[in-house]
Amino acid sequence: MSYFSDDILSLAQTIISEFAAKGLMVSTAESCTGGLIAGALTDISGSSAVVDRGFVTYTNTAKMEMLGVQEATLASFGAVSRETALQMVHGALYRSKADIAVAVTGIAGPGGGSAEKPVGLVHLAAKSRSGEMIHREMRYGDIGRDKVRSATVQTALEMVMKLFQA
């Protein structure tokens, strides 16, 4: 039995099939999802032809060392911000062989939120080698850690498909 919903697995299957048919690859950079996006993709048979790598960068140090996120960005905007997500996706794309990368950073809960950055806030970014980029700020609310993470995986995969279809 898979951890992932049928909707997520269906979307992951579409990504693997469509990317494989065109010889494209994807990479992920994940904070609050802890590798679940890569996990959903690699649940699909044939994913080794499509998934280049996944970066799990839970700490600020990991974001800086693995993805090249600037310390000044983290100091000025915080780990959960549009700016950090954009630097994460840039790092994931250019530190891999992927054609499209996706990055997520957020507060899954149950604690850790604030008035400015509540539990359920997630910043997602997807970027292609051609330079097209998408950013989304999602406010899922305090719906529970598993639901925030699952919703984030779904949104991230949708963003990958949107860039693929662009």
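Whatever position you read off the sequence shown (first residue = 1), add 46 for the numbering used here. C-beta atoms are modelled at their ideal positions from N, C-alpha and C, and glycine is treated no differently.
Within 8 Å, do at least three Cβ pairs link the stretch 84-102 to the stretch 117-133?
No contact exists between the stretch 117-133 and the stretch 84-102.
Check M71 in the structure and name its three-state DSSP category.
coil
If you drop the 5 nearest sequence neighbours on each side, which residues of the same chain put their C-beta closer than 7 Å to that of D53?
Only Q200 meet the Cβ criterion.
Secondary structure at E204, three-state DSSP: helix, strand or coil?
helix
Does the beta-carbon distance from V72 to A131 come in below 9 Å?
no
Taking the straight line between their C-alpha atoms, what separation do you get for I61 and A161?
36 Å
How would you write the range of the alpha helix (DSSP H) that A109 sits in, first residue to last?
The residue you asked about is not Ala; residue 109 is Lys in the sequence shown. Run containing K109: 106-113, per the alpha helix (DSSP H) assignment.
According to DSSP, which residues form a beta bridge with T151?
H169
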